[in-house]
Amino acid sequence: MNPDEIKVVQPGGLLDGVKASQVRREISDCLETGAKVILLDLKDVTFIDSSGLGALVSALKTVRAADAKMFVCSISDQVKILFELTSMNRVFKIFSDRQEFEESMLSS
43 MNPDEIKVVQ
53 PGGLLDGVKA
63 SQVRREISDC
73 LETGAKVILL
83 DLKDVTFIDS
93 SGLGALVSAL
103 KTVRAADAKM
113 FVCSISDQVK
123 ILFELTSMNR
133 VFKIFSDRQE
143 FEESMLSS
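Residue numbers (the working numbering): 43 to 150.
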């Protein structure tokens, strides 16, 4: 895969409704510039509320509609628990960190 087709979005802090809408816009911008793979790096996200979770699902639908893929990496323990409780860990392919993601992309 061409590295130019991979874009990283890295929000920070609390991923609530306001921040999540910014993330959705950033993902849409990446798709408009030709991204085929979006990596959502959540290493700096401390908490995700219900609006943030809904926005991630909405962003995933947008990505899939553009015939692209979205992955998540570097989630905190708290976010991991939220993903497991809401079964989002079955919706998103989650990598432990960027390095694992990059190795996976190189091998595919």
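No residue lacks a Cβ here, since even glycine has one placed at the ideal position from N, Cα and C.
DSSP-derived helix/strand/coil call for residue i
{"i": "Asp-91", "result": "coil"}
{"i": "Lys-103", "result": "helix"}
{"i": "Asp-109", "result": "coil"}
The beta strand (DSSP E) enclosing residue i, as first and last residue numbers
{"i": "Gly-55", "result": "54-57"}
{"i": "Lys-122", "result": "Segment 119-127 is the alpha helix (DSSP H) holding Lys-122; no beta strand (DSSP E) there."}
{"i": "Phe-143", "result": "No beta strand (DSSP E) contains Phe-143, which is instead part of the alpha helix (DSSP H) from 140-149."}
{"i": "Lys-78", "result": "Unbroken run through Lys-78: none, as it is neither H nor E."}
Buried or exposed by the 16-neighbour rule on C-beta atoms within 10 Å, applied to residue i
{"i": "Leu-81", "result": "buried"}
{"i": "Gly-54", "result": "exposed"}
{"i": "Ser-92", "result": "exposed"}
{"i": "Val-79", "result": "buried"}
{"i": "Gly-94", "result": "buried"}
{"i": "Phe-89", "result": "exposed"}
Start-to-end residues for the alpha helix (DSSP H) that takes in residue i
{"i": "Asn-131", "result": "130-133"}
Strand pairing of residue i, partner residues [DSSP]
{"i": "Cys-115", "result": "Asp-83 and Phe-137"}
{"i": "Lys-39", "result": "Outside the displayed span of the chain (43 to 150) sits residue 39, for which this structure offers no information."}
*Below 8 angstroms, can you find three or more Cβ-Cβ pairs linking the region 122-129 to the region 61-70?*
no
Q) Are the region 97-108 and the region 135-142 touching, with three or more C-beta to C-beta distances below 8 angstroms? A) no
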